[in-house]
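Below is one structure, written out as structure tokens; comments come after it.
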Amino acid sequence: MIFFLSFQFIGLAVVLAGFILYAKRKEIPVFFFIWHKKRIFFALEALVFALIILVCIKPLTNNIRCAYNGHSMNKVTKYDWINGQCLVEYGTGKNNKPTYVPYERIRGTSGEGSEDGVTE
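Once you know that position 108 of the sequence shown is 108 in UniProt numbering, the rest is easy, because the numbers rise by one and skip nothing.
Next comes the structure, spelled out in structure tokens:
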């Protein structure tokens with residue numbers, strides 16, 4: 001979810017930077033320019049927001065599905081956006097930090113017939 005919010009922040013910064021650069025080029029005060037072009041500004045922000053949602057829709061749905069699976073198992077879960085898998089908290093490690101195991105291994109749905117989920 002941090003990736004999604006950071007993408008939204010970057011989108012806001014890009015649109016804002018575009019307005020600032022255009023106002024500086026036309027030698028208009030920046031806040032005056034944005035205030036008088038606020039309809040275009042908010043329309044562009046809505047468009048950027050929608051585009052980022054469309055790009056991130058699969059990880060967002062997987063994130064929600066992971067949270068639902070954790071709630072149904074009464075376990076703490078988190079979705080790893082980089083690896084694209086749901087991780088379930090499975091105890092603590094040496095430093096009392098939680099260790100996470102992929103959800104497919106916990107549920108036994110790895111598919112390859114191996115008992116521990118490891119394929120050779």
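Think of the CB as a built atom: it goes at the ideal place given N, C-alpha and C, for glycine as much as any other residue.
Contacting residues, own chain, Cβ-Cβ under 7 Å from residue i (five flanking each side not counted)
i: Y79; result: N62, N63, C66, C86
i: G113; result: Below a pLDDT of 50, predicted positions are generally treated as unreliable, and G113, at 49, falls in that range; the measurement from the model is reported next regardless. Contacts found: none.
Cβ neighbours of residue i in the same chain (closer than 6 Å, five flanking residues each side left out)
i: V101; result: V88, Y90
i: N74; result: none
i: F4; result: C56
i: L60; result: none
Test item: CB-CB of residue i and residue j under 8 Å
i: T77; j: G84; result: no
i: F9; j: I52; result: no
i: V30; j: A23; result: yes
Cβ-Cβ separation, residue j to residue i (assumed contact under 8 Å), whole Å
i: F33; j: F49; result: Incorrect: roughly 21 Å between the Cβ atoms, too far for contact.
Per DSSP, cross-strand counterpart(s) of residue i
i: Q85; result: D80
i: T92; result: P98
Between the CA atoms of residue j and residue i - distance to the nearest angstrom
i: T92; j: I106; result: 16 Å
i: L12; j: I40; result: 13 Å
i: E27; j: L54; result: 36 Å
i: L47; j: K37; result: 16 Å
i: W35; j: W81; result: 37 Å
i: L21; j: Y103; result: 47 Å
i: I2; j: L44; result: 22 Å
i: Y68; j: K94; result: 28 Å
i: F42; j: A17; result: 14 Å
i: K97; j: K58; result: 29 Å
Cut-off 8 Å between Cβ atoms - residues of its own chain near residue i, not counting five sequence neighbours on either side
i: T99; result: E89, Y90, G91, T92, G93
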